[in-house]
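Protein chains in written order, with our numbering: chain F, 57 to 855; chain U, 386 to 552.
Right under this line is the structure:
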C-alpha cells in the first residue's frame, strides 16, 4: 500500500539498524550540498570549449540560407586557397571518410518513411535554413569563418513547405525531392468504443488548438572535439551530449571503426533539455576530419547556428472532441493531431507518439482515439525538448476540461476531481502501449490529494472574493489549475559500476549523463547511503564510454530512477561483500560488524577494523594465494537495473495572474507547484528541477516562439527576438512535494526533470482566460504574446 | 591567426596580474580571456550580448565580454570569475557569494553562473543591502535555463545579509 508522506519528510529505504547507538550516515533524502559546485563556481568547470588540446584545428560550417533549393554550382577554390585553411569538405569529400552520407535513425522504426534522416553534409539539395553544406577546417575559427565567406554557391530555389496544413494540401510541393510524400508517418492510437461513446453522449464539445514549443536552448550550445591516434587507430571524441554511448555507436558505424576504438566523453555539459539527445551530423563530420587530417579538430556551435541547426519542438495542431455526461464525467476523447516534424527525421516519431498517448494523463477516459499525421516541412528537424510531447497533451486535455466546466457550469477543480484516477485504482492500466509495445501502467500516486494540496496552497476558495475586489478596482485577476502525469524512468536499463581501488578510492562510473541536474551528487548520495562514506569520497564519472561499456544516457526523466537503482544495487553488493570479507579477516560474525567511514569495524570494539583499502587489496588477488572462501575477485560491482515499467510522476499546478486588458501584459502573481516524484534523493535539487521546469513552461506559455515566415525563413534568430523568460517575469515558485514511493524500482523514486514543465502552459492560459472572463475571450493556443492577447480581446469585443 | 591579420599590442590587468599581448584587432574580450590567457571560467553563450554568460568587470563595471574587443581593454583592469574565491578559507575554497550560491543551490549546469556572479559582485559593491527587486533587475540581464532564477535571488540576498548589509 502506498503511503503519502507530508512535505518535508523523506522516505529512506531501510538499511541496517545501528546496534550500539552509532547512527549510520544518512545521505539518501538529505539536502546535501552538490559535489559539482565548487569547481563550477570557481570557473574551473570543463565544458567542451574549455578542454585544452595541443595544436587543434577549428571547424566552421557553411549552412543553407534557403529553406529549399537545388545547388547548381559550388566553388570551393577561393576558400581552399585562403592561408590558414587546412581542408574544405563538401559532401563528396566527406563521403570518402564515411561508410555512408546519411545519418543513422535514432530510434528504430519499421513503419517510418525510408531515407528520411539528415545528411552529414548536403551539397546538391538543401531542405531547411541552417542545413550543413560544407565544413571548413582551419588554423583558427576566425579563419574558418573567413573561408566560409569565400565559398561561391548558386542556388535554384525550389517550392517550399512552410506549415503542417500546407504540407497536407494536394497541390503542395514535396519537402525534399527524395521524399515520397510530406507525411512521414500516419498512425492511430487509442482504446475503447469511441464512436458509440460519442453517439450516446449527452454533451460533445470541440476544440481546435495550436500548441507551439520553441527550442531547447541550453546556455551552452553543442560542440565537438575529436583527436585521432594513428598508432592505435583509435579516436577520442568529446562532445556536449546527453547520450555518450549512442554517439559512440553512431561514430563507430559511420567511420567504419570498431566500437572499442571509439571513445566518447561528455565533459561538463551546460544543459541539454532534449536537444543533445541525438547524434548530429557535426558529431560525425568532426571525427572524420580529425582522422583524415591527423590533427585534433574542434567545432563549437555559436548561438546563431543553434537557432537553426539544433533541433526544435515547434508546431502541433490539435482538432479534438470530448464527450461528457451531465455531471462532466468524461465518456470519450477523439481527434486529429498534425505534428510538424521539419525537413528530416533524425530520431523517430517519439515526440508526436508521446503527445498522442499522453492526452488522457491523470484522468479516467473510457474511450480514446487520436489520429496522428506527422508532417514534413522545410524547417529545422524536430525531436523532443523537456517534456517531450506531454506539455502539448496536457494543454489539450486541460483546455478541454476547462471547456466542459464552462459549458456545464461546473467548477473547474470539481470537473477535474470527478475525472482524476482515484488512488484505490492504482496501479491503473491506461489502455495504451508505449511505442515499444509495453502497456502503460500508472504505478502509484494520489492525484486527488495532489490537486487538493494545490487548491489549499493557492487559497482556491478565497479566490472569487479576491477577483471581485480586484475587478472593483479595475484590475483583472485570474486563477488557473492544471494536472499532469509523466511516465518517467524509461528503460530498458542503465549502468553503474562501483569500484574500490587498493588505495581505497571509490569510483562510480555510469552510462547516465550529467547535463547539469546534479546527477553526480544524487548518485553519490545513493552510494554513500550504503557505503557510509562522505559524498566527496565517491568519485563519479558520467558519460565516458571508455569507463563503462553500456549506457543509455539522459532522457525521459529517467536517470535518478534507472542509474540510481543501478547504483543502489551495486553499492549494496559492495557493502555486503566488504562485510563478508571483514567477517573472515576479523573473525567476527557479520552481525557484529558495521561499515563506517571506509572501514569494516567490530561494533563491540571499534578499534578492531579492516579498511576498504585492505579488502580491495586482498580481493585484487596475489599470485597463488586464495581469496577468502566464497568470495569473488575484486571489491567492485556492476549494477544494471533493468525494467520496462515506468514510474509515473504527477503534479498539480495552480497560479494566479493579472492581465492588463489595455496592453495584453500578463503578470504571474503566485505560482504553486505540487509534485509527487516518489522518494526524493535530495529535496533541494528536486525543488531546483521544479523551479527550472516551471520557468521553461512559463516560456512556452508566454514567450518562446520559434517564428518562420511563409518562405520558411526563421524570423527569430537571436535572443532579442526569441524571448526566454528572465528573472523579472518570474514569481516565487512555491513547490510542495508529496512522496508516494514507486513500486517499480528498489529505491522508490520517480523522475522529476520534465514534470515541472508539463502543466504550466494550460494552468497559465486557464488563468488568463479566467481573468478575461468579462470579455469572454476563448484561448486555444500557446504561447500567448501581449499582441496576440490584444487581438483576441479586440476580436471578442467586436463579436 | 593568419599572418596578415591586423594585430595590436595591449596591456591588460586581469585579476591583478598585468598581461602584455599581441592580439588580433577583431578578437573580442571573452575570446582573449579564454584563448590567450586560458581563463576559461568566462563563458560564451550567445555572442550577441543578451545571455550575459560572458559578463566580466572592466574597471569595476560589468561588461559583456562578447561585445567588447580585447583591444578596447588596453590599459584596463578586468575581473573575472577566477578572482572571486580570492584566498577564501574552507575546504571548498569559495568566496562569500560563491558559497551562498552553493548553500542555496543557485546553479545547476553552471554555464551561466560565472557571468551572473560578476554582475552580482558589482551589485553588492554598489548596494550592499539590495532588496529582491534590485537583485531581480540585475539578474534580468542574464539568461539561465536551469534554475528559474529563484535560488539565485536567494543566494544574492544571503550573500548580502552575511556581508552585514541585511535586507
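Ideal Cβ positions, reconstructed from N, Cα and C, are used throughout, including at glycine.
Chain U contact residues for residue 555 of chain F, given Cβ-Cβ distances below 7 Å: Per Cβ cutoff of 7 Å: no residues; residue 555 of chain F is ~25 Å from chain U at best.
Paired residues, beta bridge with residue 413 of chain U - DSSP: In the DSSP assignment, residue 413 of chain U is bridged to U/454.
N- and C-terminal bounds of the beta strand (DSSP E) containing residue 462 of chain U: For residue 462 of chain U, the enclosing beta strand (DSSP E) starts and ends at 462–464.
Simplified DSSP state of residue 614 of chain F, which is helix, strand or coil: The three-state secondary structure of residue 614 of chain F, taken from DSSP, is coil.
As assigned by DSSP and simplified to three states, the class of residue 691 of chain F: The answer is coil: DSSP assigns residue 691 of chain F none of H, G, I, E or B.
With 16 other Cβ atoms within 10 Å as the buried cut-off, status of residue 517 of chain F: It is exposed - the Cβ of residue 517 of chain F has fewer than 16 other Cβ atoms within 10 Å.
Residue 466 of chain U to residue 485 of chain U span [Cα, whole Å]: Roughly 15 Å between the two C-alpha positions.
Cβ neighbours of residue 786 of chain F in the same chain (closer than 8 Å, five flanking residues each side left out): Here the set comprises 724, 751 and 754.
Residue 75 of chain F - DSSP class collapsed to helix/strand/coil: Confidence at residue 75 of chain F is low in this model, with a pLDDT of 49, below 50, so the placement of that residue should be treated as unreliable; the coordinate-derived value is given next. Under the three-state reduction of DSSP output, residue 75 of chain F falls in the coil class, being neither helix nor strand.
Under the three-state DSSP convention, the category residue 431 of chain F falls into: Of the three classes helix, strand and coil, the one that applies to residue 431 of chain F here is strand, per DSSP.
Local Cβ density within 10 Å of residue 301 of chain F, reported as buried at 16 or more and exposed below that: That one is buried.
Beta-bridge pairing of residue 396 of chain U - partner residues as DSSP gives them: Bridge partners of residue 396 of chain U: U/405.
Buried or exposed (CB count within 10 angstroms, at least 16 for buried), residue 176 of chain F: Classification for residue 176 of chain F: buried.
CB contact below 8 Å: residue 478 of chain U versus chain F: Judged by the 8 Å Cβ criterion, residue 478 of chain U is in contact with chain F.
Cutoff 8 Å: residue 732 of chain F Cβ touching any chain U Cβ: Against chain U, the CB of residue 732 of chain F has no partner CB under 8 Å away; the residue lies outside that interface.
Neighbour list for residue 325 of chain F in chain U, Cβ cutoff strictly below 8 Å: For residue 325 of chain F, the C-beta contacts it makes with chain U under 8 Å involve 494, in order along the chain.
Inter-stretch contact (C-beta, 8 Å, three-pair minimum) for the stretch 566–583 of chain F and the stretch 634–646 of chain F: Using a C-beta cut-off of 8 Å, the stretch 566–583 of chain F makes no contact with the stretch 634–646 of chain F, since fewer than three inter-stretch Cβ pairs fall below that distance.
Among U/460, U/459 and U/480, nearest to residue 469 of chain U - alpha-carbon criterion: For the residues U/460, U/459 and U/480, the minimum Cα distance to residue 469 of chain U belongs to U/480.
Classification of residue 264 of chain F by the beta-carbon crowding that lies within 10 angstroms, buried from 16 upward: Exposed, since its Cβ has fewer than 16 Cβ neighbours within 10 Å.
Buried/exposed call for residue 848 of chain F, threshold 16 Cβ in 10 Å: Burial check for residue 848 of chain F: the Cβ neighbour count within 10 Å reaches 16 or more, so the residue is buried.
Cross-chain neighbours of residue 535 of chain U in chain F, by beta carbon under 8 Å: Neighbours of residue 535 of chain U on chain F, chain order: 747, 786, 788 and 789.
Members of the stretch 497–515 of chain U that neighbour chain F once the beta carbon cut-off is set at 9 Å: Hits within the stretch, in order: 497, 498, 499 and 502.
Closest by C-alpha distance to residue 578 of chain F, when choosing among F/308, F/88 and F/81: For residue 578 of chain F, the nearest C-alpha among the options comes from F/88.
For residue 446 of chain F and residue 815 of chain F, the rounded distance between their alpha carbons: Answer to the nearest angstrom: the Cα atoms are 9 Å apart.
Between the CA atoms of residue 104 of chain F and residue 281 of chain F - distance to the nearest angstrom: Taking the straight line from one Cα to the other gives about 7 Å.
Element boundaries [beta strand (DSSP E), containing residue 379 of chain F]: Element bounds for residue 379 of chain F: 368–380.
Among F/374, F/293 and F/239, the one whose alpha carbon lies nearest that of residue 856 of chain F: Because chain F is modelled from 57 through 855, residue 856 of chain F falls outside the range shown and cannot be assessed.
The beta strand (DSSP E) enclosing residue 220 of chain F, as first and last residue numbers: Per DSSP, residue 220 of chain F lies in no beta strand (DSSP E); the unbroken alpha helix (DSSP H) holding it starts and ends at 220–224.
Through-space distance from residue 261 of chain F to residue 415 of chain F, alpha-carbon basis: One C-alpha to the other measures close to 16 Å.
C-beta contact flag for residue 860 of chain F and residue 715 of chain F at 8 Å: Given that chain F is displayed from residue 57 to residue 855, the structure contains no residue 860 of chain F and the question cannot be resolved.
Cβ-based neighbour list, residue 246 of chain F, same chain, cut-off 7 Å, excluding 5 preceding and 5 following: Hits under 7 Å: 424, 425 and 426.
Residue 98 of chain F: contacting residues in chain U (beta-carbon distance under 8 Å): For residue 98 of chain F, the chain U residues whose C-beta falls within less than 8 Å of its own C-beta are 426, 466, 467, 469, 470, 478, 479 and 483, listed in chain order.
Where the beta strand (DSSP E) through residue 269 of chain F begins and ends: Taken as a continuous stretch (DSSP letters only), the beta strand (DSSP E) holding residue 269 of chain F covers 259–271.
Cβ-based contacts, 7 Å cut-off: residues of the stretch 543–577 of chain F near chain U: Hits within the stretch, in order: 571, 572, 573 and 574.
Same chain, Cβ closer than 6 Å to residue 545 of chain F, five either side skipped, listed in chain order: Answer for residue 545 of chain F: 614, 617, 618, 702, 703 and 807, listed in chain order.
Residue 396 of chain U to residue 98 of chain F span [Cα, whole Å]: Looking at the two C-alpha atoms, the distance is approximately 25 Å.
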